[in-house]
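Here's the structure we're looking at; comments come further down.
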Amino acid sequence: MRREHKINVSRKKCIGCGMCVKDCPVNNIRVKDKKAVIKTQSCLMCGHCAAVCPKAAVSITGFSEPPVEINGRTVLEPQRLMDAIRTRRSVRQYRQEPVDAEIIEQVIEAGRLTPSGENAQNVSYIVLQREMERYEKTAVLFAKRMLPLMKIIKPNARNIIIDDHFFFKEAPAAILVLAKDKVNASLAASNMELMAEAHGLGVLYSGLFAMAANHSFALRRMLKLRNAKVVTVLVLGYPNVPYHRTVQKEPADVRYL
Ligand SMILES: Cc1cc2nc3c(=O)[nH]c(=O)nc-3n(C[C@H](O)[C@H](O)[C@H](O)COP(=O)(O)O)c2cc1C
Ligand code: SF4
Ligand code: SF4
Numbered sequence: 718m719r720r721e722h723k724i725n726v727s728r729k730k731c732i733g734c735g736m737c738v739k740d741c742p743v744n745n746i747r748v749k750d751k752k753a754v755i756k757t758q759s760c761l762m763c764g765h766c767a768a769v770c771p772k773a774a775v776s777i778t779g780f781s782e783p784p785v786e787i788n789g790r791t792v793l794e795p796q797r798l799m800d801a802i803r804t805r806r807s808v809r810q811y812r813q814e815p816v817d818a819e820i821i822e823q824v825i826e827a828g829r830l831t832p833s834g835e836n837a838q839n840v841s842y843i844v845l846q847r848e849m850e851r852y853e854k855t856a857v858l859f860a861k862r863m864l865p866l867m868k869i870i871k872p873n874a875r876n877i878i879i880d881d882h883f884f885f886k887e888a889p890a891a892i893l894v895l896a897k898d899k900v901n902a903s904l905a906a907s908n909m910e911l912m913a914e915a916h917g918l919g920v921l922y923s924g925l926f927a928m929a930a931n932h933s934f935a936l937r938r939m940l941k942l943r944n945a946k947v948v949t950v951l952v953l954g955y956p957n958v959p960y961h962r963t964v965q966k967e968p969a970d971v972r973y974l
């Protein structure tokens, strides 16, 4: 939920360097008499002016967290990042071991900190842990009704068997990622997956549970979705399957112009 914010510039601290002017995505700042002036308070509230100011002259009210000072550049080591991306797998076999609440919170934090178009921050989350079987049962009933049609439309669905664990694979948790904007939710989900992996968890994006949640009236009611759209679902838990090698992928379809 978006809160009310106000940007303040300390005239005492401001040296008129113009860094905030250059970094503002909507040209909302000018320098007058060697002091930064905010033109309107109805901007993106992206916080770049406060983040870039070398004199900490800009502050923004209404957030529950203070800005954290960055000392030096945060470095992502390219090879380690590539290895993480290359070796992550969709996990469909899980250990019967719960995931700590703090880890779930960190996974959601990775989503919360992900950029969104126009800084909308309009992604929300539903964590399923306690009553997963109840939700899964309703989704299974829905999927069984849809299966004959799916088998006609999708050749790769011909051999599918819908058992009681069809969606969650006995995983101890799932996080529904909701947003009007598919891109915002997908970007958040991707960072959440990486954070989950960093904690030794395995993830399965369940497009099928997202579809059931969006189209089954019973499930929508149970999840209290109202008008919200489930963009994706991260099924997560500790993997009960070792992968001994990477999978092969198609070459990138890319053009350099
Ligand atoms: C958006 C999305 C939805 C997916 N939905 C399902 C699903 O409902 N059930 C499933 O078993 N796998 C699902 N997958 C997993 C894909 O099948 C899997 O990512 C793909 O086969 C590549 O395997 P890998 O993730 O191990 O590299 C989904 C993946 C994505 C990205
Ligand atoms: S919060 Fe962002 S959009 Fe608003 S004035 Fe600062 S830099 Fe510009
Ligand atoms: S970046 Fe800071 S010091 Fe520089 S003009 Fe903007 S508010 Fe003033």
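First residue of the sequence shown: 718, per our numbering; consecutive thereafter. We put the beta carbon where it would ideally sit given N, CA and C, even for glycine. None of these values were measured; they are calculated from a predicted model.
Cβ-Cβ distance between residue i and residue j below 8 Å
{"i": "Y811", "j": "A888", "result": "yes"}
{"i": "K752", "j": "G733", "result": "yes"}
{"i": "V844", "j": "I821", "result": "yes"}
{"i": "M762", "j": "I746", "result": "no"}
{"i": "K897", "j": "K946", "result": "yes"}
{"i": "T855", "j": "V894", "result": "no"}
{"i": "C737", "j": "C770", "result": "yes"}
{"i": "L911", "j": "A837", "result": "no"}
{"i": "A930", "j": "L942", "result": "yes"}
{"i": "K756", "j": "C731", "result": "no"}
With 16 other Cβ atoms within 10 Å as the buried cut-off, status of residue i
{"i": "V775", "result": "buried"}
{"i": "S981", "result": "Since the first residue shown for the chain is 718 and the last is 974, residue 981 is missing from the structure and cannot be characterised."}
{"i": "Q799", "result": "It is Met, not Gln, that sits at residue 799 in the sequence shown. Flag for M799 reads exposed."}
{"i": "A860", "result": "buried"}
{"i": "Y842", "result": "buried"}
{"i": "I869", "result": "exposed"}
{"i": "V785", "result": "exposed"}
{"i": "V958", "result": "exposed"}
{"i": "T791", "result": "exposed"}
{"i": "V964", "result": "exposed"}
{"i": "L866", "result": "exposed"}
{"i": "E853", "result": "buried"}
{"i": "V726", "result": "buried"}
{"i": "L974", "result": "exposed"}
{"i": "V743", "result": "exposed"}
{"i": "L936", "result": "buried"}
Contacting residues, own chain, Cβ-Cβ under 6 Å from residue i (five flanking each side not counted)
{"i": "G919", "result": "V808, P956"}
{"i": "A913", "result": "V824, V920, L953"}
{"i": "R806", "result": "Y960"}
{"i": "D750", "result": "none"}
Member of the options whose CA lies at the smallest distance from the CA of residue i
{"i": "G735", "options": "R720, R851, C766, L830", "result": "C766"}
{"i": "N788", "options": "A768, K868, L798", "result": "A768"}
{"i": "R803", "options": "V971, R962, R972", "result": "R962"}
{"i": "E782", "options": "I879, H916, E826, L951", "result": "E826"}
{"i": "T831", "options": "N901, A818, T791, A890", "result": "N901"}
{"i": "E829", "options": "C770, P771, A905", "result": "For the sequence presented, residue 829 should be read as Arg rather than Glu. Cα-wise, what sits closest to R829 is A905."}
{"i": "N908", "options": "V971, V840, T855, A818", "result": "V840"}
{"i": "H722", "options": "F885, Q758, A891, S903", "result": "Q758"}
{"i": "D980", "options": "N725, S903, A890, I724", "result": "Since the first residue of the chain shown is 718 and the last is 974, residue 980 is not available in this structure."}
{"i": "S833", "options": "I724, E848, K899, L936", "result": "K899"}
{"i": "L951", "options": "I877, L925, V857, M939", "result": "L925"}
{"i": "H916", "options": "R875, M939, E819, V754", "result": "E819"}
Other residues of its chain near residue i: CB distance less than 7 Å, five sequence neighbours each side excluded
{"i": "C741", "result": "H765, C766"}
{"i": "K871", "result": "none"}
{"i": "R972", "result": "none"}
Where residue i falls: helix, strand or coil (DSSP)
{"i": "K899", "result": "helix"}
{"i": "S727", "result": "coil"}
{"i": "L974", "result": "coil"}
{"i": "K966", "result": "coil"}
{"i": "S776", "result": "strand"}
{"i": "S907", "result": "helix"}
{"i": "I843", "result": "strand"}
{"i": "V824", "result": "helix"}
{"i": "C811", "result": "For the sequence presented, residue 811 should be read as Tyr rather than Cys. It is a strand residue."}
{"i": "T855", "result": "helix"}
{"i": "P956", "result": "strand"}
{"i": "R747", "result": "strand"}
{"i": "K868", "result": "helix"}
{"i": "K946", "result": "coil"}
Close Cβ partners of residue i (< 8 Å) along its chain, the five nearest in sequence each way excluded
{"i": "E848", "result": "none"}
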